[in-house]
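A.B. asks: Sequential numbering of the sequence shown, starting at 957, is according to my numbering.
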Amino acid sequence: MAKSYRLFTLHAQIRDIDPPIWRRVQVEGSDSLRKLHHILQAAFGWHDAHLHEFEIDDNSYVMMDVEDILEFMDPKKTFDDRKVKLEKVAYQDLRFVYKYDFGDCWDHDVVVEKIDIIDAEPDGSAYIVAGARACPPEDVGGPHGYQRFLETLREQPRSEEARDLRRWAGRDFDAELFDRRAANAALLRMAANGWGRK
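#1: Could you round the C-beta distance between Ser960 and Asp1075 to whole angstroms and report it? I think they count as a contact, below 8 angstroms.
#2: Name the residue from Ile977, Ser988, Asp972 and Leu1144 whose alpha carbon lies nearest to the alpha carbon of Lys1039.
#3: With 16 as the cutoff for other CB atoms within 10 Å, does Gly1087 come out buried or exposed?
#4: Spatial neighbours of Leu1106 within its chain, please: CB distance less than 8 angstroms, with the 5 preceding and 5 following residues excluded, ordered by chain position.
#5: Residues in the same chain with beta-carbon distance under 6 angstroms from Gly1001, minus the five sequence neighbours each way, listed in chain order, please.
#6: Looking only at its own chain, which residues have a Cβ that is under 6 angstroms from the Cβ of Tyr1102, when we skip the five neighbours before and after it?
#7: Would DSSP call Gln969 helix, strand or coil?
#8: Just list the residues that DSSP pairs Gln982 with in beta bridges.
#9: For the beta strand (DSSP E) containing Trp916, name the first residue and the last one.
#10: Does any C-beta atom of chain C lie closer than 7 angstroms to the C-beta of Ala999?
#11: The beta strand (DSSP E) with Glu1011 in it runs from where to where?
#12: Apply the 10 Å Cβ neighbour rule to Tyr1083 and answer buried if 16 or more other Cβ atoms are within range, or exposed otherwise.
#13: Tell me the DSSP secondary structure of Ala1156 in three-state form.
Listed below in C-alpha cells is the structure:
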C-alpha cells in the first residue's frame, strides 16, 4: 500500500492591522514548526531578525536553542519548535498564533483551512496561493507604530519626517503591494537548498 502524506493550507493574518495583511500558504505536514516559522517569514517578507513563538492549544513552541528562553515559559507546556512536526499538532479548523518580535508584538492569527491527502512524497517546498498587502517594515513599532508610519506618509508626504521614513523603509515601499512571485521564489530557494530536511 502506497504511503500518503498531508498537505496543509494555512491562512495567516497579522493581527490588529486594517485593511488586513494576510497570506494563504500550502505547507507539508512533515515540516517542523521551526521550518514553518521560516516559511511564514518568507511569505510575509519579514527578515527573521527577532525571536518567535507558536501558541497552539495552550502550549508554546519556542526556540529552545536560545539561551534562557525557559526563564519566561512554563516548562510543562513549552516545547522545542525544531522537534515538532506540523501534522502532530495541527488539525482541520485549528486556530493558533504565530508570534514574531516580542518587542513590536507581531501576532499572526493562523487557521488550518484545509488538509489534503497526497500520494507524492514531500519535496520540502511550500507555496503561497494568495495574499494581500506588503509586510510592515521591521522595527516600525508594532501595529500602532505601523499605523503612525502610514499616516505620516499619507497625511504629510512632503514633511522631513516622511522623507526620513521613506529613506529608512526603502523608497520603493508600497503598503498595498504583495509580490507573490518573489515570495514563492524565496520559498523555492529554501526547498532547493534543502533547508529544514535535517
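Quick reminder that beta carbons are idealized off the backbone N, C-alpha and C, glycines included. Keep in mind that this is a model prediction, so the values were computed, not measured.
C.D. replies: In this structure, then:
#1: 6 angstroms
#2: Ser988
#3: buried
#4: Around Leu1106: Ala1131.
#5: Cys1091
#6: Within the same chain, Tyr1102 has close Cβ partners Pro1092 and Val1096.
#7: strand
#8: Answer by DSSP bridge pairing, in chain order: Thr965 and Tyr1083.
#9: Any property of residue 916 remains undetermined from this structure, which presents the chain solely from 957 to 1154.
#10: In the structure shown, chain C does not exist; there is a single protein chain.
#11: His1008 to Ile1012
#12: buried
#13: There is no way to answer for residue 1156, as the model of the chain reaches only from 957 to 1154.
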